[in-house]
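Peer 1: Below is the structure I would like to discuss, written out as structure tokens.
There are 2 protein chains.
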Amino acid sequence: MEIWKEFEHNEITHSAAHYLMTINKLIDDLGYARVSDVARSLSITPGSASIMLKSLKEKGFLVEDKNRFLRLSEPGDRLAHSIKSHRHIMITFFRDVLHINPEQAEIDACKIEHLISTETGEHLLWFLQFLMCGDEHAKAFLERYWASKDKLCNLTSCPVCDKAGECLLVQLEPHEDGLTD
Amino acid sequence: MEIWKEFEHNEITHSAAHYLMTINKLIDDLGYARVSDVARSLSITPGSASIMLKSLKEKGFLVEDKNRFLRLSEPGDRLAHSIKSHRHIMITFFRDVLHINPEQAEIDACKIEHLISTETGEHLLWFLQFLMCGDEHAKAFLERYWASKDKLCNLTSCPVCDKAGECLLVQLEPHEDGLTD
DNA sequence: AATAAATGTTTGGCTACCCAAACTTTCTGT
DNA sequence: ACAGAAAGTTTGGGTAGCCAAACATTTATT
Numbered sequence: 769m770e771i772w773k774e775f776e777h778n779e780i781t782h783s784a785a786h787y788l789m790t791i792n793k794l795i796d797d798l799g800y801a802r803v804s805d806v807a808r809s810l811s812i813t814p815g816s817a818s819i820m821l822k823s824l825k826e827k828g829f830l831v832e833d834k835n836r837f838l839r840l841s842e843p844g845d846r847l848a849h850s851i852k853s854h855r856h857i858m859i860t861f862f863r864d865v866l867h868i869n870p871e872q873a874e875i876d877a878c879k880i881e882h883l884i885s886t887e888t889g890e891h892l893l894w895f896l897q898f899l900m901c902g903d904e905h906a907k908a909f910l911e912r913y914w915a916s917k918d919k920l921c922n923l924t925s926c927p928v929c930d931k932a933g934e935c936l937l938v939q940l941e942p943h944e945d946g947l948t949d
Numbered sequence: 769m770e771i772w773k774e775f776e777h778n779e780i781t782h783s784a785a786h787y788l789m790t791i792n793k794l795i796d797d798l799g800y801a802r803v804s805d806v807a808r809s810l811s812i813t814p815g816s817a818s819i820m821l822k823s824l825k826e827k828g829f830l831v832e833d834k835n836r837f838l839r840l841s842e843p844g845d846r847l848a849h850s851i852k853s854h855r856h857i858m859i860t861f862f863r864d865v866l867h868i869n870p871e872q873a874e875i876d877a878c879k880i881e882h883l884i885s886t887e888t889g890e891h892l893l894w895f896l897q898f899l900m901c902g903d904e905h906a907k908a909f910l911e912r913y914w915a916s917k918d919k920l921c922n923l924t925s926c927p928v929c930d931k932a933g934e935c936l937l938v939q940l941e942p943h944e945d946g947l948t949d
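So the sequences go chain by chain: A and B.
Read in order, the letters of the first sequence are residues 769 to 949 in the working numbering.
Read in order, the letters of the second sequence are residues 769 to 949 in the working numbering.
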């Protein structure tokens, strides 16, 4: 399978992920979650919710008791938790490290939270932990990065090789005196 | 509009983005791009390609000459270039900074390349530029990060507050002695 | 020029997800 | 108990994108 077709092959769709997360949120906030509560919370019609929730039940992500109260199954809860974690990690990185405006950070994180792999989520978490847990080198790096950010944002030539003109992206290729790992 | 519904509201869909990028690639490689070339290159049927390419023409992202050769319009090319840039930035960050395995880095980058905002793409580029352009603090930070990564990966308690047990994610909340920006 | 091959388009069917509206079931208050 | 409200489901329609297969057109070969 070509890489670009992997886009359709995820553990769960964006929409379904939000159904699951909403059920947990409703149980936290209201104490229960029924079809109509989920529909209201997501601003979709009860008809759409009914169909999607039926399919999520059939897939084993949630269960319904005799009184039509919904709750997540163990796999459903694991999935919802994983996606919430990814969102939290992405928002933190975008907002607190990159200094992207918080609204945009939330939007971008929400779009990709269900798409990034467990591996990428974990590595990002470790990276953030190191960045934010008081290590002197991390502190110094971040301070210097933020301080030089405004200058960097206006760069039209590479700060290392000083070549101008071309797309700034070429600067991501390793330089002789840069870090190549 | 709630944030979660923004997922559907992008400049271009994942599929359409790859049609555009494929046309540029074909013109580079073959010198031209026709409907069937695009279909072959993307491993989809000519029928599907015909329909999608018609809609991309109608949207003004590409043009077709009298001999049915396709090329991107200015807006189409701008979009394709932006998405390729995002992919390049994400792959570089995932692979060369986070040390995610290259295949997974490519898959994840491909899934999100068309979803991240211009703002997020730019900030990530600046971050990478600072990380990779030879600054001493960046070098020291990366070396120390990579060196401590194995230890960090196995953490079950926070290296700052030393609290164990809970989800590691809580460690992303700012600590008293950590960096809070 | 005539046939064969390559190319392009249309049609009907599928999945996913949404809406509106009709319909059914269950709960609630008098 | 029974009417009305609330909750849940079904049906028909729409978008996006894929496939298979039939059909139409264009290009190439003899």
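C-beta: ideal position from N, C-alpha, C; glycine also.
With which residues is R839(B) paired in a DSSP beta bridge?
Peer 2: Answer is V831(B).
Peer 1: Helix, strand or coil: how does DSSP classify T860(A) here?
Peer 2: Helix.
Peer 1: The alpha helix (DSSP H) with A894(B) in it runs from where to where?
Peer 2: The residue you asked about is not Ala; residue 894(B) is Trp in the sequence shown. T886 to M900 is the extent of the alpha helix (DSSP H) around W894(B).
Peer 1: Beta-carbon within less than 8 Å of R802(A)'s beta-carbon, same chain only, minus the 5 sequence neighbours each way: which residues are those?
Peer 2: Result list for R802(A): R836, F837 and L838, in chain order.
Peer 1: My output table needs one value for D918(B): the three-state DSSP class, helix, strand or coil.
Peer 2: Looking at D918(B) - three-state DSSP - the assignment turns out to be helix.
Peer 1: Under the rule that 16 or more other beta-carbon atoms within 10 Å means buried, what is L956(A), buried or exposed?
Peer 2: It is not possible to answer for residue 956(A), since the shown part of chain A is limited to 769 through 949.
Peer 1: Relative to the alpha-carbon of I791(A), which residue among F775(A), H854(A), L810(A) and I780(A) has its alpha-carbon at the smallest distance?
Peer 2: When only C-alpha atoms are compared, the closest one is L810(A).
Peer 1: Strictly below 8 Å CB to CB, what residues from chain A border S816(B)?
Peer 2: None at all; the shortest Cβ gap to chain A is about 12 Å.
Peer 1: Using the beta-carbon of each residue, which ones in chain A are nearer than 7 Å to E779(B)?
Peer 2: By Cβ distance, chain A contributes nothing, its closest Cβ being about 12 Å from E779(B), past 7 Å.
Peer 1: If you reduce the DSSP assignment to three classes, tell me which class A906(B) lands in.
Peer 2: Correct three-state label for A906(B): helix.
Peer 1: Find the residues of chain B that neighbour T888(A), judging by a C-beta separation of less than 8 Å, and give them in chain order.
Peer 2: Per Cβ cutoff of 8 Å: F862, L866, I868, Q872, A873 and D876.
Peer 1: Under 9 Å between C-beta atoms, does A908(B) make it to chain A?
Peer 2: Closer than 9 Å to some Cβ of chain A, the Cβ of A908(B) qualifies, so yes.
Peer 1: Distance check for E911(B) and H854(B), CA to CA, integer angstroms please.
Peer 2: Each residue's Cα considered, the two are about 25 Å apart.
Peer 1: So what does DSSP say about H943(A), is it helix, strand or coil?
Peer 2: At H943(A), the pLDDT of 44 sits below 50, so the modelled position is not reliable; the number obtained from the coordinates is stated separately. Here H943(A) sits in coil by DSSP.
Peer 1: Run through DSSP, which three-state label would G799(A) get?
Peer 2: It is coil, neither helix nor strand.
Peer 1: On a CA-only basis, which of E871(A), L830(A) and R808(A) is nearest A848(A)? Give me that one, please.
Peer 2: Of E871(A), L830(A) and R808(A), the residue nearest in Cα terms is L830(A).
Peer 1: Comparing C-alpha positions only, which one of F895(A), K919(A), G828(A) and E826(A) sits nearest to V865(A)?
Peer 2: Closest by alpha carbon: F895(A).
Peer 1: In whole angstroms, what separates the C-alpha of I880(A) from that of R863(A)?
Peer 2: Approximately 15 Å between the Cα atoms of the pair.
Peer 1: Using 9 Å as the limit for Cβ to Cβ distance, is I851(B) near chain A?
Peer 2: By this cut-off, I851(B) is not an interface position.
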